Amino acid sequence: MRIALLPLDERPVNTRLPAAVATVVGTRENTFDPTAARRLLLHRLTEDYGYQAIVRAAGPDAVAARERLGRILHGFAPGWTIDGVRFPWNRSFEIDFTVEPG
Numbered sequence: 002m003r004i005a006l007l008p009l010d011e012r013p014v015n016t017r018l019p020a021a022v023a024t025v026v027g028t029r030e031n032t033f034d035p036t037a038a039r040r041l042l043l044h045r046l047t048e049d050y051g052y053q054a055i056v057r058a059a060g061p062d063a064v065a066a067r068e069r070l071g072r073i074l075h076g077f078a079p080g081w082t083i084d085g086v087r088f089p090w091n092r093s094f095e096i097d098f099t100v101e102p103g
């Protein structure tokens, strides 16, 4: 699935507002960074869809989560990678990681 091709109203709700604000303000201020905007969108989609809906049920294993999230991310954004997976508050429903162009 190519997320960039999804109409805005079919993207997850909590990715719409921050992505729209970053795009509008960045464009207006001539500071828009398309890579950063893509990173934000991919991070939200990977966490909301990949982690919360699929990976989380397996438990808080950072190594396994990184591998599974990497495969999920590759499915809709080949060339991007997951790194630095951690559970910052020692709760399985909260995860942190970085998404970078490969």
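The sequence shown: position 33 = 34 (this note's numbering), numbered continuously. Beta carbons: idealized from backbone N, C-alpha and C, even for Gly. Computed from a prediction, not measured in an experiment: that's the story for all the values here.
Kindly list the residues whose CB is nearer than 7 angstroms to the CB of residue i, restricted to its own chain and excluding five residues on each side of it in sequence; keep chain order.
i	result
ALA65	ALA59
ALA23	ALA38 and LEU41
SER93	ARG57, GLY60 and PRO61
PHE33	THR24 and GLY27
List the endpoints of the continuous alpha helix (DSSP H) containing residue i.
i	result
PHE77	63-77
ARG139	No information on residue 139 is available, as it lies outside the stretch 2 to 103 that the chain covers here.
Going by alpha carbons, who is nearest to residue i out of the options?
i	options	result
ILE73	ALA54, VAL86 and THR47	THR47
PHE98	ASN91, TRP90 and ASP84	ASP84
Using the Cα positions of residue i and residue j, report the straight-line distance between them to the nearest angstrom.
i	j	result
PHE88	GLY80	24 angstroms
PRO102	ARG67	15 angstroms
ASN31	LEU18	19 angstroms
VAL26	THR36	15 angstroms
ILE55	ARG69	9 angstroms
GLU95	PHE77	22 angstroms
TYR52	LEU43	12 angstroms
HIS75	ALA20	21 angstroms
GLY71	ARG29	34 angstroms
Over what stretch of residues does the beta strand (DSSP E) that includes residue i continue unbroken?
i	result
ILE83	81-87
VAL56	Premise fails: VAL56 is in no beta strand (DSSP E) and is neither H nor E.
THR99	97-102
Tell me which residues share the same chain as residue i and place their Cβ nearer than 8 angstroms to its Cβ, disregarding the 5 neighbours each side in the sequence.
i	result
ALA63	VAL86, ARG87 and PHE88
Given residue i, which residues of its chain have a CB within under 6 angstroms of its CB, disregarding the five upstream and five downstream residues?
i	result
THR82	GLU101 and GLY103
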